[in-house]
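Visitor: So in the numbering used here, spot 62 of the sequence shown is number 62, and the numbers just go up one at a time.
No residue lacks a Cβ here, since even glycine has one placed at the ideal position from N, Cα and C.
All figures in this text were calculated on a predicted structure; none of them were measured in a lab.
One structure, as C-alpha cells, below. Some questions next.
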Amino acid sequence: MILLCIKTDQEQAMLALYNDYELLNQVKWTAHRELASTIIEKAIELSTKSEIKLDSINGIVCYEGPGSFTGLRIGLTFANAIGYSEGLPIVAKGEADWIDKGIDAILHGENQRLVLPAYGASANITAPRK
1 MILLCIKTDQ
11 EQAMLALYND
21 YELLNQVKWT
31 AHRELASTII
41 EKAIELSTKS
51 EIKLDSINGI
61 VCYEGPGSFT
71 GLRIGLTFAN
81 AIGYSEGLPI
91 VAKGEADWID
101 KGIDAILHGE
111 NQRLVLPAYG
121 ASANITAPRK
C-alpha cells in the first residue's frame, strides 16, 4: 500500500512516500512562511523523484502536532483535501513514532476521514484593536 506521510509542524516540512513500512523516498525543505505555496510543488517533486504518480497513493498519514499553528493548519488542510477528493483513508498521530503508528492504523483499516491538529496549547489570539 502506497502511503503519503506529511509533517508540517516546524520550519522544516517533510513529505514521504512509503510502501507499507518501507520508506520509498522523501523530500524535506525549509518551508517557513512559504509552506502554502511550496507544499504542492514538493509533492510533485516527490512523485517525480519516486516515479510514483500521486494518483497511486492509497492512504495518508499525518503528524497532528503539537507544533506550529499555521504549519499544522496548512499541512492537514492539504492532507484532508487530497483524502476527501480521492476517497483515501487518512489518519493523524502525534507521538514520536507517528509514522509507524499511522501506517499501522491505515493497514488495519482505520480512517478518520478528517484529521484535526493538536496544537498542544490554546491558540494565542490577540484581541482586536479598537
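Can you tell me which of Pro-89, Met-1 and Lys-7 puts its alpha carbon nearest to the alpha carbon of Thr-70?
Guide: Sequence index remark: in the sequence shown, residue 70 carries index 70 (1-based). Nearest option by C-alpha distance: Lys-7.
Visitor: Just tell me which of Asp-20, Glu-11, Leu-35 and Gln-26 has its CA closest to the CA of Thr-48.
Guide: Counting from one through the sequence shown, the residue named residue 48 turns up at place 48. Closest option to Thr-48, Cα to Cα, is Gln-26.
Visitor: Looking at the unbroken beta strand (DSSP E) that takes in Gly-83, where does it start and where does it end?
Guide: Here residue 83 corresponds to residue number 83 of the sequence shown, with the count starting at 1. Element bounds for Gly-83: not the beta strand (DSSP E) but the alpha helix (DSSP H), 69 to 86.
Visitor: Quick check: what's the CA-CA separation for Asp-20 versus Ala-121?
Guide: For the purposes of this step, residue 20 is taken as the residue at position 20 of the sequence shown. For the purposes of this step, residue 121 is taken as the residue at position 121 of the sequence shown. The alpha-carbon atoms of Asp-20 and Ala-121 are separated by roughly 32 Å.
Visitor: With respect to the beta strand (DSSP E) encompassing Ile-2, which residues constitute its N-terminal and C-terminal limits?
Guide: Within the sequence shown, numbered from 1, the residue matching residue 2 stands at position 2. Element bounds for Ile-2: 2 to 7.
Visitor: Nearest to Ala-36 by alpha carbon, out of Ile-106, Ala-79 and Arg-113?
Guide: As a working mapping, residue 36 is identified with position 36 in the sequence shown. The residue with the shortest Cα to Cα distance from Ala-36 is Ala-79.
Visitor: Use the C-beta contact count for Asp-55: other C-beta atoms within 10 angstroms, 16 or more gives buried, fewer gives exposed.
Guide: The residue given as residue 55 occupies position 55 in the sequence shown. The residue is exposed, with fewer than 16 neighbouring Cβ atoms inside 10 Å.
Visitor: Taking 6 Å as the limit between beta carbons, can you name the residues of its chain near Glu-141, skipping five residues before and five after?
Guide: This structure cannot speak to residue 141, because the chain is shown only from 1 to 130.
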